[in-house]
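Novice: Sharing a structure with you now.
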Amino acid sequence: MTGLDLSAGEVWSIATGLCSAGSVAYLWLTRRSNVTNETISKIEDRIGEAETRLTTVEQAQAHSPTTDDLTAIRSDISELAREVAGLAGNVKAELGGLNRQLGLIQEHLLNRSA
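Under the numbering used here, read the sequence shown as residues 860 to 973, first letter to last.
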């Protein structure tokens, strides 16, 4: 018996086995390629989204106030607070004087009736 003494059933069995193995190898390679392409597409989409978000942050950062701007704002707020405190003192003094005048008017009216 040599390697060529095969029956038709054996040849058919070997041929279908080789075709099956070839099909499995082909499907495995193409599916692996598809999965890799899908993965790369997803990564590219995520990178695109990240670039968009980064651009938005960069634009916002470009328009944000600098340290010098914040220092000037703090200085202006401090000056405004001092002025408001001065006005509060003036208003308190005016109200005190008004209160004294009302007291004098009340006393005069009470003494005039008596």
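Ideal Cβ placement from N, Cα and C applies to all residues, glycine included.
Using the Cβ count rule (16 or more neighbours within 10 Å means buried), how would you classify Met860?
Specialist: Numbered from its first residue, the sequence shown carries residue 860 at position 1. Only weak support is given to the placement of Met860: the predicted model assigns it a pLDDT of 46, under 50, and the question is left unresolved by the model.
Novice: Let me know the secondary structure DSSP gives Leu865 once reduced to three states.
Specialist: Residue mapping note: residue 865 aligns to position 6 of the sequence shown, counting from 1. Looking at Leu865 - three-state DSSP - the assignment turns out to be coil, as it is neither helix nor strand.
Novice: Is Ile932 near Pro924, with beta carbons less than 9 Å apart?
Specialist: The count along the sequence shown starts at 1 and reaches residue 932 at position 73. The count along the sequence shown starts at 1 and reaches residue 924 at position 65. A contact, by the Cβ cut-off of 9 Å.
Novice: If you draw a straight line from the alpha carbon of Leu877 to that of Val883, how long is it in whole angstroms?
Specialist: In the sequence shown, residue 877 corresponds to position 18, counting from 1. In the sequence shown, residue 883 corresponds to position 24, counting from 1. Roughly 10 Å separates the two Cα atoms.
Novice: Counting only the same chain and skipping the five closest in sequence on each side, list residues whose C-beta sits under 6 Å from that of Thr889.
Specialist: The count along the sequence shown starts at 1 and reaches residue 889 at position 30. Result list for Thr889: empty, nothing under 6 Å.
Novice: Are the CB atoms of Ile873 and Leu886 within a distance shorter than 9 Å?
Specialist: Your numbering for residue 886 matches position 27 in the sequence shown. Your numbering for residue 873 matches position 14 in the sequence shown. Taking 9 Å as the Cβ cut-off, Leu886 and Ile873 do not qualify as a contacting pair.
Novice: What three-state label does DSSP hand Met860 in the structure shown?
Specialist: The residue labelled residue 860 in the question sits at position 1 within the sequence shown. Here the model assigns Met860 a pLDDT of 46, short of 50, so the residue's position is not dependable and the matter cannot be decided.
Novice: Kindly indicate which three-state DSSP category Thr925 falls into: helix, strand or coil?
Specialist: Translated into the one-based positions of the sequence shown, residue 925 becomes position 66. Looking at Thr925 - three-state DSSP - the assignment turns out to be coil, as it is neither helix nor strand.
Novice: Where Ser900 and Glu908 are concerned, what is the direct C-alpha to C-alpha distance, given to the nearest angstrom?
Specialist: In the sequence shown, residue 900 corresponds to position 41, counting from 1. In the sequence shown, residue 908 corresponds to position 49, counting from 1. Cα-Cα distance, rounded: 12 Å.
Novice: How many angstroms separate the CA atom of Ala881 from the CA atom of Trp871?
Specialist: Taking the sequence shown and counting its residues from 1, the one referred to as residue 881 is at position 22. Taking the sequence shown and counting its residues from 1, the one referred to as residue 871 is at position 12. Inspection of the sequence shows that residue 881 is occupied by Gly rather than by Ala. So the two alpha carbons sit approximately 15 Å from each other.
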